[in-house]
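Participant: Questions regarding the structure given below will be posed in turn.
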Amino acid sequence: MEVLNSFMTWIFKNRIGQIENFKKNPIQVQDTTFFELIEAGKNTEFGKEFGFAKIKHYDDFARQVPILDYEGIKPYIDKTMRGTQNVLWNTTIEWFAKSSGTTSSRSKYIPVTTESLEDCHYSGGKDMVSLYIANNPDSRLFAGKSLTIGGTLEKNPLNPQGSARAGDISAVIMQNLPIWAQFVRTPSLETALMSEWEAKIEKMARETMNEDVTCIAGVPTWTVVLMQRILEIKKAKNILEVWPNLEVFFHGAVAFGPYRSLFKELIPSEKMRYVETYNASEGFFGIQDKPNSEELLLLLDYGIFYEFIPMEDWEKEDPNVVPLAGVEIGKNYALVISTNGGLWRYKIGDTVKFTSTKPYRFKISGRTKHFINAFGEEVIVENAEKAIQYAAEHTGATISNFTAAPVYFDTSGSKGAHEWLIEFHKEPIDQDQFNLLLDQHLREVNSDYDAKRHKDLALVAPIIHTAPHGIFEMWLGKKGKLGGQHKIPRLSNSREYLDEILNLKEEIKIPKQ
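Residues 106 to 618 in the numbering used here are what the sequence shown lists, from first letter to last.
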């Protein structure tokens, strides 16, 4: 494996020159990407509808093509899923990435083209490794195995007899990996793509616990569940007793801060490295390219053209939209992308804040909608409102206000959960039934939440408190925010608001329920 490690390290180092090129010439690289995308899309149904053939400059594009959310682009995607080609992109589309979070639908399906797989998702994985090796020349990454936790695949729901398939982007990527990449990873592809998560975690634990794992790539949630199961089987105190050569965890999808102390408990080594990535079903957008920095390098030669909406314009009917050259440091922007996956001026739902423009580095600042995404569950406010309304209607309750936040994993091995505080105008006939129905309906409207709740693997049933009448207004009053447009977020990844109101509840001598 030492020969392989030396050879693979040399191969990946060769990409650094290309990364330096887009760091030094970002606008030129984005201009090239823009015109390549327009050329590829001009004879598609979408391109003809919006006059791509007449687009000579970015201003033409901005004037002719509307900004779209998922509901706006969904008819084109649905038509593609039913088997019609050349709708959004000029090559055959046979894969769709399934996710949720930015739409009121239970799941959304994002086209994955050959170009987006090769030039975006795979390039992101390669650059992630290239930058890591450049920053850590002593790495022995390829002397062992890379552990990756994939999602699942399913038939195309709009054309189940067709050849196209759908699934988590991680599963789509794994299914199409080249042979050399399969050789250096664990567990087997068959195990990694299993659909039943309890059986999958068990089989993964037993397949990987005797491998020499040097690297883990995945979402923190499932990684913690897997490591905890391995420690149970091996009766080990920490994961380094199982994988002594583990050196890096490449993570993404959820904020890592709440997990950091737990990972230090599971992997008690000052030499362990953590690298953040920003990859989604829609594309691979950023990588932490500097050690000990929370900034991400914006990836500019991946077949993605970026635009940005200042958050103060977000809800305007005709918002100000700027290309990369127009962004300002420290300003909060909603991300808009046009991609080699057939997405055009698509609002992904994330917000970013630039920390540098030479090169372009940024931090993920949040979402355009209130949400909880502490475990990869991507619960948006529409999901929560549907679930709470359903539970109220079936138990004779009416709701005045609510807020919810995550209960994170801790070092004792406890599972995560969502904690709710609900102010009822009229209380439910049966509180236990209300709690059960809220959880069940949330699982029905959000497939990612359902996957995390499956057999309590990552999330246990929600913790629900009832609030005394007027406590939300009381809290706003104490903050000097009563009246006007001020309101508490109904969903938040931070526990700040929930904890403060629960503490206020205790102060006024009303115990938590």
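Built from N, CA and C at the ideal position, the CB exists for glycine as well.
A quick note: this is a predicted structure, and the numbers were derived from the prediction, not measured.
Which residues mark the beginning and the end of the alpha helix (DSSP H) in which ILE143 is found?
Facilitator: By one-based count along the sequence shown, residue 143 stands at place 38. It spans 131–146 - the alpha helix (DSSP H) in which ILE143 sits, taken as one unbroken run.
Participant: Would you list the one or two residues that DSSP bridges to HIS574?
Facilitator: As a working mapping, residue 574 is identified with position 469 in the sequence shown. Note: HIS574 sits in no beta bridge, so no partner.
Participant: Leaving out the 5 sequence neighbours to the left and right, which residues in its chain are closer than 7 Å to TRP302 when beta-carbon positions are compared?
Facilitator: Position 197 of the sequence shown holds residue 302. Excluding sequence neighbours, TRP302 sits near ALA556, HIS559, LEU562.
Participant: Would you mind sorting GLY588 into buried or exposed? The rule is 16 or more other CB atoms within 10 Å of its CB.
Facilitator: Locating residue 588 in the sequence shown gives position 483, counting from the first residue. Low confidence applies here, because GLY588 scores a pLDDT of 42, under 50, leaving its location unreliable and the question unanswered by this model.
Participant: Counting along the chain, where does the alpha helix (DSSP H) carrying ASP515 start and finish?
Facilitator: Numbered from 1 along the sequence shown, position 410 holds the residue referred to as residue 515. Note, ASP515: premise wrong, no alpha helix (DSSP H); not H, not E.
Participant: In chain order, which continuous runs of the alpha helix (DSSP H) of length 4 or greater are located wholly inside the region 364–417?
Facilitator: 365–371
Participant: Let me make sure I understand the geometry here. Which of ASP553, GLY518, LEU609 has the alpha-carbon closest to that of ILE335?
Facilitator: For the purposes of this step, residue 335 is identified with residue 230 of the sequence shown, where counting begins at 1. Measuring from the Cα of ILE335, the nearest candidate turns out to be GLY518.
Participant: Where does PHE507 fall in DSSP's three states?
Facilitator: Stepping through the sequence shown from its first residue, residue 507 is reached at position 402. Note: PHE507 maps to strand in three-state DSSP.
Participant: Three-state secondary structure (DSSP) at GLU259?
Facilitator: Translated into positions along the sequence shown, residue 259 becomes position 154. DSSP places GLU259 within a strand segment (E or B) once states are collapsed to three.
Participant: Whole-angstrom Cβ separation of HIS475 and SER597, contact assumed at under 8 Å?
Facilitator: Counting from 1 along the sequence shown, the entry for residue 475 is found at position 370. Counting from 1 along the sequence shown, the entry for residue 597 is found at position 492. With a Cβ gap of about 7 Å, HIS475 and SER597 count as contacting.
Participant: What first and last residue would you give for the alpha helix (DSSP H) that runs through HIS546?
Facilitator: The residue given as residue 546 occupies position 441 in the sequence shown. Residues 536–550.
Participant: Taking only the alpha-carbon atoms, compute the straight-line gap between LEU298 and ILE160 and give it to the nearest angstrom.
Facilitator: If you number the sequence shown from 1, residue 298 lands on position 193. If you number the sequence shown from 1, residue 160 lands on position 55. Whole-angstrom Cα-Cα distance: 42 Å.
Participant: Measure the alpha-carbon distance for TYR214 versus PHE201 and round it to whole angstroms.
Facilitator: Residue numbering aside, residue 214 sits at position 109 when the sequence shown is read from its first letter. Residue numbering aside, residue 201 sits at position 96 when the sequence shown is read from its first letter. So the alpha carbons of these two residues sit roughly 6 Å apart.
Participant: Could you compute how far the alpha carbon of MET314 sits from the alpha carbon of TRP348?
Facilitator: Along the sequence shown, one-based indexing puts residue 314 at 209. Along the sequence shown, one-based indexing puts residue 348 at 243. Using only the alpha carbons, I get a separation of about 8 Å.
Participant: Using 9 Å as the threshold, is the C-beta distance between ASP273 and LYS203 below it?
Facilitator: Translated into the one-based positions of the sequence shown, residue 273 becomes position 168. Translated into the one-based positions of the sequence shown, residue 203 becomes position 98. The answer is yes: Cβ separation under 9 Å.
Participant: Taking GLY362 as the reference, give the member of LEU331, SER398, ASN384 with the closest Cα.
Facilitator: For the purposes of this step, residue 362 is taken as the residue at position 257 of the sequence shown. The shortest C-alpha separation from GLY362 is found at SER398.
Participant: Have a look at ILE434, PRO428, LYS376, PHE467 and flag the residue whose alpha-carbon is nearest the alpha-carbon of GLY391.
Facilitator: Start at 1 with the first residue of the sequence shown, and residue 391 comes out as number 286. Of ILE434, PRO428, LYS376, PHE467, the residue nearest in Cα terms is PHE467.
Participant: To the nearest whole angstrom, what separates the beta carbons of TYR525 and HIS570, a pair I think is in contact under 8 Å?
Facilitator: Indexing the sequence shown from 1 puts residue 525 at position 420. Indexing the sequence shown from 1 puts residue 570 at position 465. Looking at the sequence shown, residue 525 is not Tyr but Trp. Indeed they touch by this definition, with Cβ atoms about 7 Å apart.
Participant: Tell me which residue opens and which closes the alpha helix (DSSP H) that GLY481 is part of.
Facilitator: Taking the first residue of the sequence shown as position 1, residue 481 is located at position 376. Counting along the chain, no alpha helix (DSSP H) covers GLY481, and no H or E run does either.
Participant: On the three-state DSSP scale, how would you describe VAL353?
Facilitator: Taking the sequence shown and counting its residues from 1, the one referred to as residue 353 is at position 248. The answer is strand: DSSP assigns VAL353 an E or B state.
Participant: Starting from the C-beta of LEU282, find all residues in its chain whose C-beta is less than 6 Å away, skip the five residues before and the five after it, and write them out in chain order.
Facilitator: Along the sequence shown, read from residue 1 onward, the residue named residue 282 stands at position 177. Beyond the five residues adjoining it in sequence on each side, LEU282 comes within less than 6 Å, by CB distance, of no other residue in the same chain.
Participant: My assumption, with CB atoms under 8 Å, is that PRO373 sits in contact with LEU345. Please give the rounded CB distance.
Facilitator: Taking the sequence shown and counting its residues from 1, one reaches residue 373 at position 268. Taking the sequence shown and counting its residues from 1, one reaches residue 345 at position 240. For PRO373 against LEU345, the beta-carbon gap comes to about 7 Å, under 8 Å, which counts as contact.
Participant: Measure the alpha-carbon distance for GLU225 versus TYR407 and round it to whole angstroms.
Facilitator: The count along the sequence shown starts at 1 and reaches residue 225 at position 120. The count along the sequence shown starts at 1 and reaches residue 407 at position 302. One point to set straight first is that residue 225 is Cys, not Glu, in the sequence displayed. Computed Cα separation, rounded: 5 Å.
Participant: DSSP beta-bridge partners for PHE459?
Facilitator: Within the sequence shown, numbered from 1, the residue matching residue 459 stands at position 354. For PHE459, which the question treats as bridged, DSSP gives the partners PHE467.
Participant: Taking LYS376 and THR319 to be in contact with their CB atoms under 8 Å, please state how far apart those CB atoms are, rounded to whole angstroms.
Facilitator: Reading the sequence shown from its first residue, position 271 is the one you call residue 376. Reading the sequence shown from its first residue, position 214 is the one you call residue 319. No, LYS376 and THR319 are not in contact; Cβ-Cβ is about 12 Å, not under 8 Å.
Participant: If the criterion is Cβ atoms closer than 9 Å, does the pair PHE139 and TRP449 meet it?
Facilitator: As a working note, residue 139 is residue 34 in the sequence shown. As a working note, residue 449 is residue 344 in the sequence shown. The answer is no: Cβ separation not under 9 Å.
Participant: Would THR149 be called buried (16 or more neighbouring beta carbons within 10 Å of its own) or exposed?
Facilitator: On the sequence shown, position 44 is the one that residue 149 refers to. Flag for THR149 reads buried.
Participant: Looking at C-beta atoms only, is the number of pairs between the region 488–495 and the region 526–545 that lie closer than 8 Å three or more?
Facilitator: yes
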